[in-house]
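Add 233 to a position in the sequence shown, counting from 1, and you land on the number used in my numbering. We put the CB at the ideal spot given by N, CA and C, even for glycine. From a predicted model like this one, the values you see are computed outputs, not experimental measurements. Notes for the one structure printed next.
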Amino acid sequence: MSEVEATLLPKSWIILPLSEVIQMQKGKKPHDLGGKSNLRTVPYINIKAFEKGIITEYAPEQDAIYCTEKDVLLVWDGARAGLSGRGVNGYVGSTLVKVTSDIAEMNYLSYYFESIYSILNTQTKGVGIPHINPVVLNNLPFNLAPENEQTRIVDKLEELFSELDAGVKELKAAQTKLSQYRQSLLKSAVEGSLTQQWRAENRDRVQETGEQLLARILKQRREQWQQQKLAEFAEKGKTPPKNWQDKYPEPVQPDTTDLPELPEGWVWASVDQLVYESSYGTSVKCDYGTGNTPVLRIPNVINKKVSVSDLKETVDPFDIGLNKQLLSGDILIVRTNGSLSLMGQTALVRDIEDGFYFASYLLRLRTPMDTILPEWMDLYFGSKNARAWIENQASSSAGQNNISLSKFSNLHVPLPPLEEQVQLISVLANEFDSIDRQIEVTDLGLKQSEAQRKNILKSAFSGQLVPQDPNDEPASVLLEKIKQEREALAKKPKPRKPSKPKKKVDLMNTLLEVLTAEKDWIDAQDAFQKCGIVDGTSTDRIEEIYTELRRLEKAGKIEIQRQGDFDQLKLIKQDVKED
């Protein structure tokens with residue numbers, strides 16, 4: 234905060250470095266994490282549990298940082314560093330920090346952290362995995378309002394944000410409905426119900442059925458393959474060998490076993506039947522601004538459109554030839570992506586300049602027709618049925634989802650007559666354009682809501698959100714009280730943990746020995762103590778006993794039961810066969 238802004242604060246406020254206001258405890262990964270069980274009862278709060286409330290891991294009770302809903306949690310590591318919110322009951326995850334304060338009201342503090350998110354997130358440190366920069370964090374100015382005013386500010390923020398959040402919820406619901414409507418339109422288009430009336434009224438306009446169109450495409454496919462082969466022979470100065478046409482690779486037929494029935498005049502085809510050229514892209518090294526061959530990559534395939542805004546070029550000169558460069562009517566496919574929903578996404582190349590190529594994480598399909606058919610295919614690839622098939626065919630390795638060219642070529646495509654394709658494309662284009670405009674309006678509304686939220690927070694922490702009460706005790710008086718309390722607390726001798734009278738126990742090496750010696754149920758805590766597990770025992774020894782416990786439980790050698798707040802263990806006696 235600038236000096237000018239500081240002078241505009243109410244006189245009853247004071248500014249402190251954030252380090253003097255908060256106390257932080259970094260979380261750590263507890264031992265024996267896993268699914269919930271009789272022993273693992275405490276939730277482990279990782280990023281997923283913090284952001285979405287989805288708890289998947291639990292740990293046994295142990296000496297770890299525990300958080301409650303009264304605390305503030307702060308993401309310390311990763312791309313979301315700086316994200317904050319109220320706590321969740323459980324052990325604090327290793328990438329999170331528990332924040333408390335004896336000066337600021339916790340809701341007031343939580344809203345403050347929300348207001349500084351962009352600062353913390355954009356000024357991180359570390360190579361690879363970013364971390365919050367503690368120097369930046371500790372030196373941020375904290376505007377401390379009088380105690381009573383903090384409460385009034387929080388109440389006002391909750392009132393305003395409640396209204397704002399309701400509006401955001403409505404906008405997001407509208408976007409969901411628009412997306413559902415888009416899919417509904419696409420579904421009715423690829424199933425033929427969208428043009429049911431059109432077919433009845435335009436039978437005389439249809440010159441060839443889908444089946445006849447497919448036969449024509451297959452004929453053109455063979456002819457274009459032959460032309461391409463003759464060109465290759467000529468380029469190499471060779472005479473075509475005898476019966477060279479017999480080497481034509483016949484396309485894969487579609488498997489129609491479980492496919493729905495199509496309208497009259499439609500036919501199922503495979504992608505392989507509808508294209509005469511398909512290929513992977515290049516893996517040559519690329520960079521920005523080399524002036525060589527421009528290469529489209531995954532970031533250039535966005536929302537079913539080709540974008541050249543983030544363009545790289547080959548490092549070295551790269552001759553791709555006229556037949557290999559991208560042409561209008563080509564279809565690009567994202568074959569590899571960490572997100573399953575983005576893998577297999579397609580985009581139709583339109584009005585592209587000469588000389589463009591594409592990278593190896595993309596596939597290229599080229600049909601015998603450069604208009605209408607590729608547009609219809611691209612539309613179908615975005616339908617729910619096609620997406621389900623594509624995602625089902627994907628393989629996964631090292632966190633990446635992948636679909637090969639051979640698998641994608643097997644995808645079935647409904648093929649209407651060409652005139653009906655034109656009608657379907659026209660209707661969908663008009664409807665999709667209307668949907669896109671409405672989505673743009675909702676996007677603008679969401680951006681305005683976000684900006685409004687930031688402005689409200691700015692007003693809150695500059696003393697402009699609620700009126701000041703002259704009867705409020707100034708923040709300086711509050712700070713002085715807290716300092717005195719801290720000093721008094723520091724002078725007191727730290728209380729020693731009361732030592733529990735130690736039971737005289739015979740230490741044993743393994744849990745199995747302990748349970749074998751017992752004739753009945755034994756508290757898990759007592760069993761661990763007999764294995765030497767007490768305060769100060771090394772983590773390795775504790776982990777060793779927990780590992781043995783899991784092994785015995787998995788092998789069915791022990792029983793575990795809950796008795797009140799404690800677990801009890803018992804060895805399952807094995808039948809001994811007599812000779």
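- Taken atom to atom, the span from the alpha-carbon of E746 to that of F283 is near 41 Å.
- Of the other Cβ atoms in all chains shown, 16 or more fall within 10 Å of the Cβ of N376; this residue is therefore buried.
- Shown here, G361 sits in coil according to DSSP, grouped into three states, outside any helix or strand.
- Counting only runs of 4+ residues, the alpha helix (DSSP H) found wholly inside the stretch 624–708 occupies 638–641 and 651–693, in chain order.
- Taking every protein chain shown into account, the CB of G268 has fewer than 16 other CB atoms within 10 angstroms, so this residue is exposed.
- In summary, G315 is buried, with 16 or more beta-carbon neighbours lying within 10 Å of its beta-carbon over all protein chains present.
- Per the coordinates, the alpha-carbon of V710 lies some 30 Å from the alpha-carbon of C300.
- It is roughly 9 Å from the alpha-carbon of Y513 to the alpha-carbon of L598.
- DSSP, reduced to helix, strand and coil, places Q429 within a helical segment of the structure shown.
- In this structure, DSSP gives D759 a helical state, which the three-state scheme calls helix.
- Under DSSP, K803 shares a beta bridge with E792.
- In the three-state reduction of the DSSP assignment, P367 falls in the helix class, which pools H, G and I.
- Taking 8 Å as the cut-off, the Cβ atoms of K617 and Q416 count as close.
- Taken through DSSP and simplified to helix, strand or coil, F589 comes out as coil.
- For R319, the enclosing beta strand (DSSP E) covers residues S317 to R319.
- Checking the DSSP bridge columns, you'll see C300 partnered with G323.
- Setting aside the 5 residues that flank it on each side, L544 is surrounded in the same chain by P527, each with a C-beta closer than 6 Å to its C-beta; the list follows chain order.
- E510 and S270 have their C-alpha atoms roughly 56 Å apart.
- A residue is called buried when at least 16 other Cβ atoms come within 10 angstroms of its Cβ; H364 does not meet this threshold and is exposed.
- Of the candidates K537, E302, I585 and Q671, the residue whose Cα lies closest to the Cα of T409 is Q671.
- Segment contact: the stretch 425–433 against the stretch 469–486, fewer than three CB-CB distances shorter than 8 Å; contact not assigned.
- Positions of the alpha helix (DSSP H) runs, each at least 4 residues long and wholly inside the stretch 458–510, are given as 504–507 in order along the chain.
- Look at E338 here: in three-state DSSP terms it is coil, with no helix or strand label.
- Assignment of E751 by DSSP, reduced to helix, strand and coil, places it in the coil class.
- Look at M610 here: in three-state DSSP terms it is helix.
- Pairing L679 with L419 gives a Cβ-Cβ distance that is not under 8 Å.
- Taking the C-beta atoms as reference points, P250 is found nearer than 8 Å to N371.
- Taking the Cβ atoms as the reference, I386 lies roughly 6 Å from V699, within the contact range of under 8 Å.
- Here the alpha carbon of Y590 sits roughly 29 Å from the alpha carbon of Q478.
- By the Cβ criterion, the stretch 285–300 is not in contact with the stretch 350–368, since fewer than three pairs of Cβ atoms, one from each stretch, lie closer than 8 Å.
- With contacts defined as CB atoms closer than 8 Å, L446 and L644 fail to qualify as a contacting pair.
- Between L573 and V567, the CB-CB gap reaches or exceeds 8 Å.
- Taking one beta carbon from each stretch, the stretch 319–334 and the stretch 254–264 have 3 or more pairs nearer than 8 Å; the two touch.
- Closest in alpha carbon position to F641, among T743, L596 and I287, is L596.
- L353 sits in a helix when the DSSP states are folded into three classes.
- Selection Q506, E434 and R449 evaluated against D488 yields Q506 as nearest (Cα-Cα).
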